[in-house]
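Taking full-length UniProt numbering, the leading residue of the sequence shown gets 1, the next gets one more, and so forth. Think of the CB as a built atom: it goes at the ideal place given N, C-alpha and C, for glycine as much as any other residue. In this text, all values refer to a predicted model and were calculated from it rather than measured experimentally. Written out below as structure tokens is the structure these notes cover.
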Amino acid sequence: MKHAAVSPIGKELLPDRAVTHMHRIAMSSVKLLRPRLNGILFKLTFEEQVNNIRPDIMNVTFACEEVKKSEGFSKLLELVLLVGNFMNSGSRNAQTFGFNIAFLSKLRDTKSISQNTTLLHFLAEKCERNYESILRFPEELEHVEAASRVSAEILKSSLTTMERQIQRLENDIEHFPKTDDEQDKFHSREQYEKLAMMHKNMQKLYEGLGNFFAFDPHSVSMEDFFGDLANFRVLFLEAVKENHKKREMEEKIKRAKLAKEKAEREKQERQQKKKQLIDMNK
């Protein structure tokens, strides 16, 4: 059965229902319509999927490398362990060989007897006075915050979904007519393989951190591990700033006290001179 072409003027004269019906007839004549539409949709969204996955993999990869290579962070852990063992000397926790990374965020909760400072503020001040190299660790761990927002489960699921879509597309292409048009080429498999390799390397690096810091990478999620580090990084920087403000306030109070004492001395000197003049005139 042949269908006569409808001119634009003819379309205007036809009711909407008739135009819709003719459109359905035309679409139904396209072979392998659903696979074609799925392929077009995947091609349109593929770049967006890649751009969503790649940054997450790179952020975790960079964070893993930074944590392991950071000299400032390594020295900080040594200092925390040293101070902790000193504080626990004589108790059953004395001479501890290590601690959980999550403990770092709790340093702010340990206060002095006078309640006017915390263990974190003490460590920050100690670093400023004696271990300046440790102060660089927040800069050396610049990707931990971004890594803390990456879900390993969602990342793995996204890659699995992408691979499944590519496999379906490759199966559908087997039934499509062959073409030599370069504009029609779509190299999704190569990009996926690169992402899969990057993801595998990322997982290997995170497992390496587990061995390095003695935790189970399968029970401690990347979100939790890097989340603890990111939180401590912020708390440490805040402690450094608060120490600066405290010192500035103490200096201000000290200067005000010295100025008051000076003014008091000058007042007493003036009164003494005045008294001497009065005595001389008697």
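- With a threshold of 16 other beta carbon atoms within 10 Å, residue 239 meets it and is buried.
- As the crow flies, the alpha-carbon of residue 155 is around 15 Å from that of residue 204.
- Between residue 49 and residue 198, the CB-CB gap reaches or exceeds 7 Å.
- For residue 117, DSSP records no beta bridge to any residue.
- Checking the DSSP bridge columns, you'll see residue 111 partnered with 118.
- The beta carbons of residue 226 and residue 148 sit closer together than 7 Å.
- Going by C-alpha positions, residue 241 is about 11 Å away from residue 128.
- Segment contact: the stretch 260-274 against the stretch 98-105, fewer than three CB-CB distances shorter than 8 Å; contact not assigned.
- Counting along the chain, the unbroken alpha helix (DSSP H) around residue 189 starts and ends at 188-213.
- For residue 63 and residue 141, the gap between their C-alpha atoms comes out near 7 Å.
- Boundaries cannot be given for residue 102, as no alpha helix (DSSP H) includes it and DSSP labels it neither H nor E.
- When the alpha-carbon of residue 57 is set against those of 188, 202, 123 and 212, the nearest one is in 202.
- Rounded to whole angstroms, the Cβ separation of residue 118 and residue 111 is 5 Å, and the two are in contact under 8 Å.
- Between residue 137 and residue 72, the C-beta gap is smaller than 7 Å, which places the two residues in contact.
- The alpha carbon of residue 212 has as its nearest neighbour, out of 100, 82 and 43, the alpha carbon of 100.
- Here residue 228 is buried: its Cβ has 16 or more other Cβ atoms, across all protein chains shown, within 10 Å.
- Nearest to residue 130 by alpha-carbon distance, out of 169, 144, 76 and 115, is 76.
- Taking every protein chain shown into account, the CB of residue 70 has 16 or more other CB atoms within 10 angstroms, so this residue is buried.
- For residue 152, the closest alpha carbon among the candidates 53, 270, 274 and 269 is that of 53.
- For residue 139, the enclosing alpha helix (DSSP H) covers residues 137-140.
- The alpha-carbon of residue 255 is positioned some 25 Å away from that of residue 124.
- Ranked by how close their Cα comes to the Cα of residue 189, the residues 200, 208, 210 and 164 have 164 in first place.
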